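Asker: Here you go, one structure.
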Ligand code: SAH
C-alpha cells in the first residue's frame, strides 16, 4: 500500500470525523507532514495517533475532504467500487431506462466522493471536480466510468474551470477526457427531449435536480396558464405543455437561456401556439403583468445566497419574489416556489414565503414540500448536502 503523508489533528478535534462528517477544517490541524501539496492524498490521525480517514488535501477553510474512513489505497479500483455503488443505486431507483437517460450518477459527499459530481446524459458523462484532489484523479475517474458504464458510455466531458479553487496551482481546462465533439446533445428525461449544452451551459448543462418536481408540475398543469420564471432551458415548461396547459410562458433574463427553452419546446411539440417566451428580469416582468393572467407560477431562481454572509439579503429577495407572485396570481392558483441556496434552511425559506403571503393578504395552503431527488442523495452525516427546497402552494 502507498505510504500516504499524514496530517495530525489538534486534541479533541476528531469528534466530527468519528461521526463520519467528511470535512477537516484547517483550524483543526496540529501538523502536516513535510511536502504535502494541494490535491495530495493524505491520512488523517487524531492527536492520540489513532487513524481517522483518507482524503484529499487542499489549501483553504476545508483543508481535507475525506473519501474513505478506512485505511485504503485511493486508486482506480477505489473509484470503480464507489462508482459501482452509485450506479447500482440509480439503477435500483429506476432512473436508467430507454425513455430516461438523464440522471446524476455521483453527488459528492452523498455518494462518499467528496468534491466530485458526475451527470449522465445518454452516452455522455459530464465530470465536475470541486476539489484539487478530484481534478488530479480525473483519469482514474474516467477509467472507473468506462468500467462501470461499459458500452453505454461513449464520451466523458470534464467541466471544472469554474468549480475549482482559483488559486490552486493547476490550470483546469474544460475538455473531452473520452470521445470528441461529434456527439448528439439530445438527452431524454421522462421521455421528453432536451438539448444539453455541457460546454457552455450552467452547472453540467441541465438542472437534473428538478426532475421529480417537474413531473409533479405536469400533473397540475392541465388547462392552466403557466408562467415559468427563471426558466433556463425550459424544463418546467416542457412538462407543463405535455400536461395540457392552456398556455405556457417562459421568462429568463438570459437571452441564450430563452433560446434554448424555445428550442426544447419546438423539439417536443413543434410550433405550438400555446407557448410564449420573454427575455426579461423576473421582478420587472411580474410587476408589469396584469392580475389574474396566470394560475400557475413557477419561481425557481438561482441561489440568492452563496455564503452565510448573504443570508439576510437572500431572505429579503425570496420574500420580495414570492410576494410579487402572490400579488398577481389568479384565485385558486398554484405557486411552485424554490430555493437552491444551501446556506438557507428549509425553515428560513418557509418563513420568507410565509412573510410574503402575510403581506399579500392572500390565503395560502401548503400542498407539497419538495426537495432534491434521490439521485442527489444526502449523506446523513453531512447535512450540508441538502440544498434544494420547494413548496407547492394553493393561493386563493
Ligand atoms: N428552472 C430552471 C433552472 C433555473 S436556473 C430549470 O428547471 O432548469 C436560474 C435561471 O435564472 C438562470 O437561467 C438565470 O439566467 C436566470 N436568472 C437569474 N437572475 C434572473 C432575473 N433577475 N430574472 C430572470 N431570470 C434570472
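In our numbering, the protein residues as written are 2 to 397.
Even for Gly, the Cβ is constructed at its ideal location relative to N, Cα and C.
Computed from a predicted structure; not experimentally measured.
1. Sort 146, 184 and 204 by Cα distance to residue 129 and report the nearest one.
2. Is the closest heavy atom of the ligand SAH to the C-beta of residue 1 under 7 Å?
3. Fully enclosed by the region 199–271, which beta strand (DSSP E) runs are 3 residues long or longer?
4. Are there any heavy atoms of the ligand SAH lying less than 7 Å away from the beta-carbon of residue 51, as far as the coordinates show?
5. Are the region 195–215 and the region 247–265 touching, with three or more C-beta to C-beta distances below 8 Å?
6. Suppose the cutoff is 7 Å on Cβ atoms and the five residues either side in sequence are ignored; what does the same chain contact list for residue 402 look like?
7. Looking at residue 337: is its Cβ nearer than 8 Å to the Cβ of residue 252?
8. Alpha carbon to alpha carbon, how far is residue 290 from residue 85?
9. Using three-state DSSP, classify residue 398 as helix, strand or coil.
10. Which whole-angstrom value is the C-beta distance of residue 376 and residue 96, which I expect to be below 8 Å?
11. Within 10 angstroms of the Cβ of residue 32, are there 16 or more other Cβ atoms? Answer buried if so, exposed if not.
12. Does the Cβ of residue 236 lie closer than 7 Å to at least one heavy atom of the ligand SAM?
13. The alpha helix (DSSP H) with residue 150 in it runs from where to where?
14. Assuming contact is defined by CB atoms lying nearer than 8 Å, are residue 135 and residue 157 in contact in what I supplied?
15. Out of 299, 259 and 296, state which residue places its alpha-carbon closest to the alpha-carbon of residue 281.
16. Give me whichever residues DSSP pairs with residue 101 in a beta bridge.
17. So does the region 164–174 actually touch the region 206–216, counting three or more Cβ pairs closer than 8 Å?
18. DSSP three-state call for residue 44: helix, strand or coil?
19. Could you tell me which of 131, 149 and 168 sits nearest to residue 160, measuring between CA atoms?
20. Smallest Cα separation from residue 345: which of 246, 307 and 14?
21. Does the distance from the C-beta atom of residue 27 to that of residue 67 stay below 8 Å?
22. Checking 8 Å against the spacing of the C-beta atoms, do residue 395 and residue 330 come in under that value?
23. Comparing alpha-carbon positions, which option in 361, 372, 105 and 385 lies nearest residue 87?
24. Take residue 370 as the anchor and find which of 390, 378 and 379 has the nearest alpha-carbon.
Answerer: Let me lay it out:
1. 204
2. What is shown of the chain runs 2 to 397, which leaves residue 1 out entirely.
3. 226–230 and 248–253
4. no
5. yes
6. No information on residue 402 is available, as it lies outside the stretch 2 to 397 that the chain covers here.
7. no
8. 50 Å
9. In the structure as shown, the chain starts at 2 and stops at 397, and residue 398 therefore has no counterpart that could be examined.
10. 6 Å
11. exposed
12. With respect to the ligand SAM, the structure shown offers nothing to examine, as its ligands consist of the ligand SAH.
13. 139–150
14. no
15. 259
16. 98
17. no
18. strand
19. 131
20. 307
21. no
22. no
23. 105
24. 390
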